[in-house]
Amino acid sequence: MDVINALLIPILDLKLLGLIGLGTFAGIYVGAIPGLSVTMAVSILISFTFSWAVYPAIALMIGIYMGGVYGGSRTAILLNIPGAPSAIATAMDGFPMAKKGLAGEAIGIVTVVSFLGGFIGILALAIFAPLLADFAISFQPRDYMMLAVLGILLVGSLSEGSLVKGIFAGALGIAIGAVGMDPLTYTERFTFGTSGLRSGVSFVAVMIGMFGISEGLMQLHTVNTAAVKQKISSIIPSWSQVRKHIPLGMQTSSIGTVIGALPGTGGDIAALIAYDHATRVTKNPEVPFGQGAIEGLVAPETANNAAVGGAFIPMLTLGIPGDAVTAIMIGALFIHGLNPGPMLMVDQPNMFWFIVSALALANCFMLIFGLTGIRVFVKIVELPRAVLLPAILLLSIVGAYAVNNSVNDVYWMLGFGVFGYFMKLYGYPLGPVILGVILSRLLDDNWRRAIISDQESLWMLLKGTLASPLSLVLFVSVILIFVSKTPLWGMIFRKRTA
Amino acid sequence: MLMKSVIGALVALGLGVVPALAEYPAKEIKGIIQWGAGGSTDTVARAITPHAQAVLGGTIVMQNVTGGVGAIGLNQVANDAADGYSILFGAENPLLYKVMGLGDKDYSDFVPVNIIARGVPILVANVDAPFNTFPEMVAYINANPKAVKFGSTGPGGLPSVVTAMINSKTPLDVTFVPYDGDGPALTALQGKAIDVMPAVLGAAIEGIRGGTMKPLAMFDIEPSPQLPDVPTIVSTNPEFAEMLPWGPFFGVFVKNGTPDDVVAKLTAAYAEAATHPDFVALIDGRGFKMLSLAGAEAEEFLTGWQSTTSWLIHEAGMTKASPEDFGIVKP
Amino acid sequence: MQTKQPKGLGQPRRPGELVFNLLMVLGSLYLLWSAYGISGFEALSAPGAVPMVTTAVMLLCTGLIFLETLRKSKITAEKLERDILPMPVIVTILAITGYALALKPLGFLPTSFLFLTGLIRYLAKYSLARSALLALLMVAGIYLLFRIVFTVLMPPGIVPEAEVIAWVKSLFVARGN
Numbered sequence: 003m004d005v006i007n008a009l010l011i012p013i014l015d016l017k018l019l020g021l022i023g024l025g026t027f028a029g030i031y032v033g034a035i036p037g038l039s040v041t042m043a044v045s046i047l048i049s050f051t052f053s054w055a056v057y058p059a060i061a062l063m064i065g066i067y068m069g070g071v072y073g074g075s076r077t078a079i080l081l082n083i084p085g086a087p088s089a090i091a092t093a094m095d096g097f098p099m100a101k102k103g104l105a106g107e108a109i110g111i112v113t114v115v116s117f118l119g120g121f122i123g124i125l126a127l128a129i130f131a132p133l134l135a136d137f138a139i140s141f142q143p144r145d146y147m148m149l150a151v152l153g154i155l156l157v158g159s160l161s162e163g164s165l166v167k168g169i170f171a172g173a174l175g176i177a178i179g180a181v182g183m184d185p186l187t188y189t190e191r192f193t194f195g196t197s198g199l200r201s202g203v204s205f206v207a208v209m210i211g212m213f214g215i216s217e218g219l220m221q222l223h224t225v226n227t228a229a230v231k232q233k234i235s236s237i238i239p240s241w242s243q244v245r246k247h248i249p250l251g252m253q254t255s256s257i258g259t260v261i262g263a264l265p266g267t268g269g270d271i272a273a274l275i276a277y278d279h280a281t282r283v284t285k286n287p288e289v290p291f292g293q294g295a296i297e298g299l300v301a302p303e304t305a306n307n308a309a310v311g312g313a314f315i316p317m318l319t320l321g322i323p324g325d326a327v328t329a330i331m332i333g334a335l336f337i338h339g340l341n342p343g344p345m346l347m348v349d350q351p352n353m354f355w356f357i358v359s360a361l362a363l364a365n366c367f368m369l370i371f372g373l374t375g376i377r378v379f380v381k382i383v384e385l386p387r388a389v390l391l392p393a394i395l396l397l398s399i400v401g402a403y404a405v406n407n408s409v410n411d412v413y414w415m416l417g418f419g420v421f422g423y424f425m426k427l428y429g430y431p432l433g434p435v436i437l438g439v440i441l442s443r444l445l446d447d448n449w450r451r452a453i454i455s456d457q458e459s460l461w462m463l464l465k466g467t468l469a470s471p472l473s474l475v476l477f478v479s480v481i482l483i484f485v486s487k488t489p490l491w492g493m494i495f496r497k498r499t500a
Numbered sequence: 012m013l014m015k016s017v018i019g020a021l022v023a024l025g026l027g028v029v030p031a032l033a034e035y036p037a038k039e040i041k042g043i044i045q046w047g048a049g050g051s052t053d054t055v056a057r058a059i060t061p062h063a064q065a066v067l068g069g070t071i072v073m074q075n076v077t078g079g080v081g082a083i084g085l086n087q088v089a090n091d092a093a094d095g096y097s098i099l100f101g102a103e104n105p106l107l108y109k110v111m112g113l114g115d116k117d118y119s120d121f122v123p124v125n126i127i128a129r130g131v132p133i134l135v136a137n138v139d140a141p142f143n144t145f146p147e148m149v150a151y152i153n154a155n156p157k158a159v160k161f162g163s164t165g166p167g168g169l170p171s172v173v174t175a176m177i178n179s180k181t182p183l184d185v186t187f188v189p190y191d192g193d194g195p196a197l198t199a200l201q202g203k204a205i206d207v208m209p210a211v212l213g214a215a216i217e218g219i220r221g222g223t224m225k226p227l228a229m230f231d232i233e234p235s236p237q238l239p240d241v242p243t244i245v246s247t248n249p250e251f252a253e254m255l256p257w258g259p260f261f262g263v264f265v266k267n268g269t270p271d272d273v274v275a276k277l278t279a280a281y282a283e284a285a286t287h288p289d290f291v292a293l294i295d296g297r298g299f300k301m302l303s304l305a306g307a308e309a310e311e312f313l314t315g316w317q318s319t320t321s322w323l324i325h326e327a328g329m330t331k332a333s334p335e336d337f338g339i340v341k342p
Numbered sequence: 003m004q005t006k007q008p009k010g011l012g013q014p015r016r017p018g019e020l021v022f023n024l025l026m027v028l029g030s031l032y033l034l035w036s037a038y039g040i041s042g043f044e045a046l047s048a049p050g051a052v053p054m055v056t057t058a059v060m061l062l063c064t065g066l067i068f069l070e071t072l073r074k075s076k077i078t079a080e081k082l083e084r085d086i087l088p089m090p091v092i093v094t095i096l097a098i099t100g101y102a103l104a105l106k107p108l109g110f111l112p113t114s115f116l117f118l119t120g121l122i123r124y125l126a127k128y129s130l131a132r133s134a135l136l137a138l139l140m141v142a143g144i145y146l147l148f149r150i151v152f153t154v155l156m157p158p159g160i161v162p163e164a165e166v167i168a169w170v171k172s173l174f175v176a177r178g179n
């Protein structure tokens, strides 16, 4: 009975319901605008909701979180600028769809599958939270390392044309991610003696530069041709279309939930690994991946929304944040006089069910707000390019600046924009660079932890891997996926599909 | 140009109509937090500031400026004007920047507005560890060299200082596994990736209460009121008493040269905010010790902390330069 | 030769491609040297270990790419100034650089306004008034969202915006009382 009462709190209280709705609506825009992040919005809300009671404060934050993770897909599809890192994989097939005039359809399907993913994540939180939390914290450094390697193998599917160029781009990304003071030993890496590089290169600046600026510069070649007319007839996807993608969506939602629940990995990595999974299990996509495959939207968008529910799993059961946003929410709970930790479920079971219920409501609001107003959004890309491009550039600059309030980041964004522009011209894929940057620390930090834990011995590391069931499963997956992606196999496969 | 003169006229008008604006704070104050959102410094800064705002009658816009072990945020405030419109929420790290070669500025370039609170170090172990007390741990490590994995968080951080304290009394042969903060390290401890972790009580307290990690020793002279059953290190190993009490701290700072009346206003605001019952409850609940020091008391606290810690880690071989080079006297 | 190469290599070399790929080789070499400088061959767990492996991979890949480029046909109908760096691209890059340079001294509002007006006028060839009006609307939108709603502090430069905001707020407070 208590559970049902707690679940009903946000539904029966109109004020809470309104706050969740408002938060979700605002979150979609926070997520869509590069440079504004959910992390930032939730931090601001801590001060803003300081004098409120705890339920309304959490309700608003949850709305922003849910809406924000979804909203990142908007600009990824329309402008090739992922509004948030978790929407990077979405840009890879979403933007090609917009180029064909199918932006409305892309946003429509993304909205529906985000709802599906969000729902599965919340369900997992409600039913399996303690179980999944124990599983998630049992990940050892070597397991995280192998997870990063799994992600890096995605380079194989992101390298249109030249695998060698793709591998170069991925390695470059890992190197970019290493720039700055190493957080484990405070050794300077690739700083070339300048103090400005000590804090590293802002990841958002690299992302906006490589995706947004380089695409913007590319479009300047054809600045005076008319923009592609967007079809807006088929925005809400048909049931048969949705049903077709449910099996894949269920798999990628599970991936998203688990990766979201892992402390130290969030929606961005979940989306990338899910995308990779989709490229492997989809035998015959109607459109090839990278050119507007629906599966390339379904996988990352289910996964990143499922990761929201996943991130709450260790937070609510153990007081361990699943990602940056839940870390701030732990701080918020402290400020409101609660003590998130293993005892929260015992002392404050209502809070758990309240959050489950609020998340479910936010997910429904996301579906409603997501499906309305698509037409207006889509119209944006039909503006004359000569007006739209300067606006996008300004938004990109402001976005890069806003992350750290640093003009240096604007230079980085421009530098990577111009660099990415040349890479595009000369046939290098850009996706692997971002992939490398995202996975760099996960790979590097955990490699070092793993090898240190095993006394600097590769032999002991291998023995440890084979002795643990979880590590063994990951290890075998890495080997299998690697073999399936060796250049020879890749070349044969590509020739057949081409 | 037109816009500029219009705005200029508006401002002139505004200043004319509302003369009270000339008083501090006449506009939003920028508050730079050295560490990331969700961390202890962030939580404490965001929890105290609304109370201070109420006293001050102005708005403080909080921003996390992270990187370079906090040096990026510190330098940003140091490079702004000394007018009290840019304030720093910092932790203990800047006091070690000089000896660690991380920067050439520390709190001697700032005026402390309030040293809010101090954390208490605690040694925790994962629940399966084959020892329950500090002496048992020492015995186990001596019997099994390199087998025990200690979490660490980079030179100069709390774990490295506590480890240096332990090593200065009873050298231990263990394996150090590096993490990028005590949060991730404590998570790894619960996942059995590491065995022992020196952490700040606030980060470990809920895990200890919930039984997901076990406390070995409190690194303080007296037991903590939050966990009275956890033995202090002094109760088993009195030789540690000379280095204690020691702990990381949080404070509010403005740049040197800030007008005295502004410093006085900020000091009064934060001193009053630190007495607010909600904030006191937060500090107690998270296992911190309230200090709320300002003026000469705060300066003395900073100097003492810098001297003890710099020499401790210097003798442990973790520094890039001797504290002597910067005029830091040996305790 | 051409028939043996995999698909895609048959295309002729683009203008500047050889230079770019050569720069990539040299850049990778420099980064590898820099990665070696981090910690040398100290230990498998050293902070320089992963950077050394990645930069070595980069060097290997760029080497292969460079050799591949050398084998490509030099004959192409493309021109550097038309297909690689047309005027609008150069102007835009310069405009962004100018923006970054002017942001701190001039402030967010005037810099953004000038940037948008200039770029819209240049790219869309609208009249100055129309470009300026569009720019004004966009800057106002971005300012409201970033500065007012999300309290991101943009460099004020010559515009005393914080004072203006405080003044506007004080008006509301005064009325509220």
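Chains as they are written, first to last, in this note's numbering: chain F, 3 to 500; chain E, 12 to 342; chain A, 3 to 179.
Beta carbons: idealized from backbone N, C-alpha and C, even for Gly.
- If the five residues before and after Asp-447 of chain F are omitted, its C-beta is found closer than 7 Å to the C-beta atoms of Leu-186, all from its own chain and listed in chain order.
- Across the set F:Ala-61, F:Pro-36 and F:Ala-55, the C-alpha of F:Ala-61 shows the shortest separation from the C-alpha of Val-44 of chain F.
- Using a Cβ-Cβ cut-off of 8 Å, Ser-45 of chain F counts as an interface residue toward chain E, since at least one Cβ of chain E sits closer than that to its own.
- Asp-53 of chain E has a beta carbon lying within less than 8 Å of a beta carbon in chain F.
- At least one C-beta of chain E is nearer than 8 Å to the C-beta of Ser-49 of chain F.
- Look at Leu-432 of chain F here: in three-state DSSP terms it is coil, with no helix or strand label.
- Leaving aside the five residues that flank Thr-26 of chain F on each side, the residues in its chain whose CB is nearer than 7 Å to its CB run, in chain order, Gly-65, Met-68, Gly-69, Ala-364, Phe-367, Met-368 and Phe-371.
- For Trp-449 of chain F, the nearest beta carbon of chain A is closer than 8 Å to its own beta carbon.
- One finds Pro-49 in chain A with Cβ atoms closer than 7 Å to the Cβ of Asp-184 of chain F, taken in chain order.
- By the rule that beta-carbons nearer than 8 Å mark a contact, Asp-446 of chain F touches chain A.
- The C-beta distance from Thr-92 of chain F to Leu-318 of chain F rounds to 28 Å, too long to meet the 8 Å contact threshold.
- Beyond the five residues adjoining it in sequence on each side, His-62 of chain E comes within less than 7 Å, by CB distance, of Ala-284, His-287 and Phe-290 in the same chain, given in chain order.
- Under the 8 Å criterion on CB atoms, Glu-39 of chain E is classed as interfacial with respect to chain A.
- For Asn-226 of chain F, the secondary structure class from DSSP, reduced to helix, strand or coil, is coil.
- Residue-level contact by beta carbon fails for Ala-210 of chain E and chain F, as no gap is shorter than 8 Å.
- Pairing Ile-133 of chain E with Phe-299 of chain E, the inter-Cα distance amounts to about 12 Å.
- DSSP, reduced to helix, strand and coil, places Thr-286 of chain E outside both helices and strands of the structure shown, so it counts as coil.
- In this structure, the beta-carbon distance from Ala-276 of chain F to Gly-262 of chain F does not fall below 8 Å.
- Taking 4 residues as the minimum length, the alpha helix (DSSP H) runs contained wholly in the stretch 244 to 310 of chain F are 269 to 283, in order along the chain.
- Contact fails between the stretch 83 to 99 of chain F and the stretch 326 to 341 of chain F, because fewer than three Cβ pairs, one in each stretch, are under 8 Å apart.
- Annotation: Pro-87 of chain F has no Cβ neighbours in chain E at a cutoff of 9 Å; minimum Cβ distance is about 16 Å.
- With respect to chain A, the C-beta atom of Arg-76 of chain F has no partner C-beta closer than 8 Å.
- Residues of chain E with a Cβ closer than 7 Å to the Cβ of Thr-153 of chain A are, in chain order, Val-72.
- Ile-160 of chain A sits in coil when the DSSP states are folded into three classes, being neither helix nor strand.
- At least one C-beta of chain F is nearer than 8 Å to the C-beta of Arg-297 of chain E.
- In this structure, the alpha-carbon of Gly-18 of chain A lies about 7 Å from that of Leu-82 of chain A.
- Residues of the same chain with a CB within less than 6 Å of the CB of Val-112 of chain F, apart from the 5 flanking positions on each side, are Ser-75, Leu-299 and Glu-303 in chain order.
- Interface residue (Cβ-Cβ distance to chain E less than 8 Å): Ala-168 of chain A is classified as such.
- Closest in C-alpha terms to Thr-189 of chain F, from the list E:Asp-115, E:Met-111 and E:Pro-239, comes E:Met-111.
- Neighbours of Phe-22 of chain A in chain F, taken as residues at a C-beta separation under 7 Å, are given in chain order as Phe-424 and Tyr-428.
- Residue range 193 to 201 is occupied by the alpha helix (DSSP H) that includes Pro-195 of chain E.
- At a cut-off of 8 Å, the C-beta of Thr-41 of chain F has a neighbouring C-beta in chain E.
- Residue state for Ala-404 of chain F is assigned as helix, using DSSP reduced to three classes.
- Pairing Pro-14 of chain A with Lys-74 of chain A gives a Cβ-Cβ distance under 8 Å.
- Beta-bridge analysis with DSSP links Met-415 of chain F to no other residue.
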